[in-house]
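These protein sequences, in sequence, are chains A, B and C.
Be aware that the first sequence starts at 259, since it is given in the numbering used here, and climbs by one per residue.
Be aware that the second sequence starts at 43, since it is given in the numbering used here, and climbs by one per residue.
Be aware that the third sequence starts at 7, since it is given in the numbering used here, and climbs by one per residue.
Glycine residues also receive a C-beta, built at the ideal position from the N, C-alpha and C atoms.
What follows is a single structure, written as structure tokens, with notes after it.
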Amino acid sequence: MASVGRSVPRADAESKVKGEAVYGVDFEIARTLYAALVRSPVAAGRILAVRTADAEAIPGVRAVVTARQAPPILSGLALDDQPLFATDVVRYEGEPIGAVVADTLAIAREAAGAVRVDIEEMEAVATIEQALSDGARWVHEDWERYTRAPGISEWPRSGNVCGEMRAEPDGIDEAFARADLIVEDEFRSDRQYQAYMEPKSATGVFEDGRYTIHVSHQFPFNVRDRTARALGVRPSDIRVIGHHIGGGFGARLDVGLEPYAALLARLAGAPVKLVNDRVEDLLTCNSRENAVIRIRSGVTRDGRVVARTFHCDVDAGAYATDTVLMTSLAIFAAGSVYQTGPTEVLSRAVYTNTAPTGAMRGVAGPYLYFALERHMDNLANSIGMDRRAFRLNNLITDGHRMLNGQVLEDGGIVETAFSEIEKIAPWAELGKGPNRGVGIGAAVWLTNPLPGQATLKLEVDGTLTVNTGATENGSGAVAMGIRQIAAEELTVAPDDVLLVFPDTATQGYDGGSQGSRTTHSAGRAVQEAAVEVRTRVLQMGARLLDEMPDAVEIAEGCVRVRAQPQHRVTLAEVATAAMFDKGPIMGTGSYATPLPKYDPDAATGLLFPTFPTPTYHVHIAEVEVDPSTGRVDLLRYFVAQEVGKAINPAAVQGQIQGGVAQGVGHALYEGLQIGEDGRYRQRTLESYRLPIACDVPRVQAILLEHPDQAGPYGAKGIAEPPIVPVAAAIGNAIADATGGAIARVPMTPEDVLNALSET
Amino acid sequence: MSLVTEVTFSANGREVTVPASAEATLLQVLRLELGLTGTKEGCAEGECGACTVLVDGKPVNSCIMPALAAAGTDVRTVEGLAGPDGLLSPLQQAFVDGFAIQCGFCTPGFLMTLTALVEEDPHPDPAQIKQALSGNLCRCTGYTTIVDAVLAATGNGGRS
Amino acid sequence: MELHSADSLEEALDRLQETGGETQVLAGGTDVMIQNMRHEISPSALLYIGRLDDLRGIAHNGTVDIGPLSTHRMLATDHIVRRVLPALAEAAGSVGGWQTQEVGTVGGNLCNASPAADTAPPLLVAGTRVRLSSQSGVRELPLDEFLLDRRRTARRADELLTGIAAEPCAPGTAEAYLKLGRRSAMEVAIAGVAVRLTLDENDTAVEARVAACSVAPRPFRARATEALLQGSPLDPDSVAEAGLMLVREASPIDDGRASAAYRRRVLPDLLARTIEVCRSRLADRREE
């Protein structure tokens, strides 16, 4: 193929290396005013008074806004529990209480600091344990009155438990009775901040009764819908226009500053821009939730897992947002890579007085698989079996039935992944030598099924324009993948496929760059659109060539007679001829991944019910620990990943290297810890340690290509999974190297020293 | 003794004089006064390197450099790397060819640090490159394509 | 807030005489600019001294005179410093990343007096004396008496740090600085140890100087540790004992980077390894 399968350069590479690409933070329009949010300095308390006089007196201040000027609406992604501005109580450090609009950002920030907020501080519900304890204060006194967001089914919640997914199959006790040994483990994971390099921002405009929001965002249609609900208007009253995105990793899927930009633009009568500084961004970001996981498995001496209970408590923070959906992930992780016998799964999302958590790449996966794979190592060690052999002994096969009743028809691919990775990472040779260890992390992951839509326009010069709300978050799914698919379909050069930015007013819908779905879903939509374009092109081309439509074909950017290829017309000529004949040539495609069959009775509260377009992954890490400092040296790292079809191999490798790097950060360096007062201990990039170049090894990756029937050219989602098994593989390697317990993420040098001194 | 309210320096070869308050940083002056928005603010605390520019050939974090401190210096930003005809510098081209860019927000900072590196040492090895990049954070790529791009641009083509 | 730029030392000292109490001296700015933005300090004026070129540079006149405006990068690459103050070169080369090193100054590092100031331990084991100038005159004091406490020095509000004089490493003497952090580089130290060792022909320590940072409110000379090492053949037991003494002399705290317990645990080995580096440097030199 001419484009698909080749490492074609990015469409936006040149503008990015020249510093010309305009990101959300760079976007400016005339007459813009700037705003800063007044944020709660404490994690919990009652608001007694908000005094704005000092702020209003500062020259250059145009407006000081509080809850009184905002619509009295509670909204949320799944549960309507969150106001725009806190009214009676504050529930997390950084919660917006008001806003200042001013001539410059500096004045707005200064004035925001001059707003006097009197808060009667309450003791923060700072931890999951506190939230769940008897007599715990409810973070939401009115939790019972909250209603669900439209389109979400019921789920159980009570008090500080805002989400719960429960799977309780029969036969658990009997299954445990058959075990020779029972192993119980508890694992913990700290929060992880997405730490995209571009801080969040939003510019709002209010004109002719409609709002326009300019933003760098992974999911403009969600910005539209969530902002509409927050402001009490119709979705079509809001237009969201996207710009270059300086990283998202899930943090830019839900709304952040956008509803404020819109509201303040209306109140101020001028465009209003908000920009987070890094500290503010870190403190208030919808970071990956912290979690506590308890696993109990029964195992036989000949190496079979026969029963399991899997309990998981995750911290939703002060508002439910999408963390209630994350509880569903537990049912997939608990029984997808390995056969486990009857398995009980309980996952709860809990309110605390901390920043609301949310989606980060590989949602819930990194901590779920850390727990599962560390537990697998412990199980293997408990019966004295080799850790790889034990895994192979329990591995799923084709036709495996997951705990939600969904069947993994191609589940045998995970065994293929094990044997392929063995070729580049021979198990018997790794982790040998003093203070060295080797670990495995294996995972099954999904491709998000949300719908996508695209329009293809054939221009009179023979170029193609793809008009889609699909977002380019840096992965290359649009700047490379979509472009290459369109180019392949119409036999033009990728450079002749032009892209535009998302605009919710003129595009159908796109489910956002999440769950690795863009290439798969938007790519399919592009293919559907291409079918329409091809049909019209062939009809027009046949007429121009005076042939029947079935005698001509599209090749080399032309329509040509199959039997006499030199007899041809260019796509430009076809488009030009069509213009005043049948009209401009355009095609539209829409696609939504059909959900796999599953058993709705398998669990209650299963808000995210299936793993569509599953993919299979095996990671192996080799480490060396320093016995005097506990520092971990990542010697080598290997990945075997099922991709369906690599539309752009360099892009796929880039996602693997980048995803593993974020996993290394999660495993060894990053972690937002919460103090007793509910405030973050790590508050800047000085204290929140991101991996630097010296910290990240070169990943050696093998791509497995078992084409997906539905995906464009067989492509499956590839960008999320590389982060998912990393903490697992590294954790197992460190445990192997130290011989001690590794049960917490991040694994600090102190944890390593503790593990070493156990033995 | 001068009470500073403006600062004069050379920006990508062109002498400029811009207003500068006491708190003004070189980054603010570049972006707000000169419209050179290729240089980015990632953290405003000298940790991430997204704001890296060259001052008299040395990479500095412009987000914490007082604008005044640039007086009389030669400041180069990412906008000054390509030739007047738009021809990309060897490093820029190597980034494009080598897929060393994903979201691209960190890219200007990396290019400036690396430009200084190869001006000082035309053939750095992978360890030197990574060490030189200790003050530049990338959240997307995992760094290896960036290191490879430098090797390719400096004729060491191939991988570390 | 105002910003004044001094064109001469006279002008700088004049301004400090008038308004020293509310004026923040600004050199490279890598600490001051951040502290100002975070509102950890709120001076009414900044005094930029970056134009005082006489305060920048390194000269070897028996002692090594280091201009306080010398950047970390200068110290890391200067051939004099690398030859006769190698621990200082190592320390300076570990302060932040390249960008920080090009702008941050050793004078700023000392006057900021962070407990984690990397240049302090090597300067301490080099018996460094600092010079403070004001309109009322000039005075000198040992660095050990200049660094008083976390973020507190002996500098009066009307004084400017104008000189840093360090004793070079003599023949028979070697030194090293080792630093422990979470990542591979770009770190504020979890612990940093500098050692300067003089050995006789029997490999017995004739003189030992030890200094540490990040394990006490200020970087300090570990005198009791030095006393244990002095006259010792530096066998593993003696070194281990010295390591435990260093832990006793330190007073580490829990902070965002590491716990006090971890610091206590790693300090003895950090000392042992720094001593080992010194010994191998001396051995290498003998072979030459």
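For the segment 249-269 of chain C, the residues whose beta carbon sits under 8 Å from a beta carbon of chain A are, in order, 262, 263, 264, 265, 267, 268.
One thing to note: residue 91 of chain B has its Cβ no nearer than 8 Å to the Cβ of residue 198 of chain B.
Here residue 808 of chain A carries a helix assignment [DSSP, helix/strand/coil]. One thing to note: residue 844 of chain A has its Cβ no nearer than 8 Å to the Cβ of residue 718 of chain A.
Linking residue 202 of chain C to residue 172 of chain C through their CA atoms gives a straight-line distance of about 13 Å.
Annotation for residue 170 of chain C: the continuous beta strand (DSSP E) segment containing it runs 166-172.
In the assembly as shown, residue 320 of chain A is a buried residue. Its beta-carbon has 16 or more other beta-carbons within 10 Å. Comparing C-alpha distances from residue 646 of chain A to each of A/814, A/670, A/640, A/697 shows the shortest one belongs to A/697. Annotation: residue 71 of chain B has no Cβ neighbours in chain A at a cutoff of 9 Å; minimum Cβ distance is about 13 Å.
When C-beta atoms of the segment 535-552 of chain A are compared with those of the segment 450-465 of chain A, three or more pairs fall below 8 Å, so the two segments count as touching. Scanning chain B for C-beta atoms nearer than 8 Å to the C-beta of residue 195 of chain C yields nothing, as the closest lies near 14 Å away. The DSSP assignment places complete alpha helix (DSSP H) segments of no fewer than 4 residues inside the segment 753-833 of chain A at 781-803, in order along the chain. The count of Cβ pairs closer than 8 Å, one atom from the segment 877-897 of chain A and one from the segment 973-990 of chain A, reaches three, so the stretches are in contact. A distance below 6 Å between beta-carbons, with the five flanking residues on each side excluded, links residue 997 of chain A to the following residues of its chain, in chain order: 1017.
Excluding five sequence positions before and after residue 831 of chain A, none of the CB atoms of its chain fall closer than 6 Å to its own CB. Remark: C-beta atoms of residue 800 of chain A and residue 806 of chain A approach each other more closely than 8 Å. Under the DSSP assignment, residue 554 of chain A falls in the beta strand (DSSP E) whose first and last residues are 549-557.
With respect to the C-alpha of residue 151 of chain C, the residue from C/114, C/227, C/13, C/12 having the closest C-alpha is C/227.
Residue state for residue 49 of chain C is assigned as coil, using DSSP reduced to three classes. About 6 Å separates the Cβ atoms of residue 437 of chain A and residue 557 of chain A, confirming a contact at the 8 Å cut-off.
With respect to chain B, the C-beta atom of residue 279 of chain A has a partner C-beta closer than 8 Å. Under the DSSP assignment, residue 29 of chain C falls in the beta strand (DSSP E) whose first and last residues are 29-32.
In the three-state reduction of the DSSP assignment, residue 927 of chain A falls in the helix class.
Think of a sphere of 9 Å around the beta carbon of residue 76 of chain B: no beta carbon from chain A falls inside it, the nearest being about 12 Å out. By the neighbour-count definition (other C-beta atoms within 10 Å, threshold 16), residue 487 of chain A is a buried residue. Taking a Cβ-Cβ threshold of 9 Å, the residues of chain B close to residue 536 of chain A are 83, 84, 85, 86, 87, 89, 90, in chain order. Following the DSSP letters along the chain, one finds residue 518 of chain A inside the alpha helix (DSSP H) bounded by residues 516-526. Taking 9 Å as the Cβ-Cβ cut-off, the segment 784-817 of chain A has no residue approaching chain B. Looking at the DSSP output, residue 844 of chain A bridges to A/715. DSSP lists C/198 as the bridge partner or partners of residue 185 of chain C. By the neighbour-count definition (other C-beta atoms within 10 Å, threshold 16), residue 967 of chain A is an exposed residue. Going by DSSP, residue 604 of chain A is part of no alpha helix (DSSP H) but of the beta strand (DSSP E) stretching over 601-609.
For residue 723 of chain A, no CB of chain C lies under 8 Å from its own CB, so it is not counted at the interface with that chain. Non-local C-beta neighbours of residue 49 of chain C in its own chain, meaning closer than 8 Å and more than five positions away in sequence, comprise 7, 28, 29, 30, 42, ordered along the chain. Our two residues, residue 597 of chain A and residue 653 of chain A, have alpha carbons roughly 6 Å apart in a direct line. By DSSP's assignment, residue 697 of chain A forms a beta bridge with A/879.
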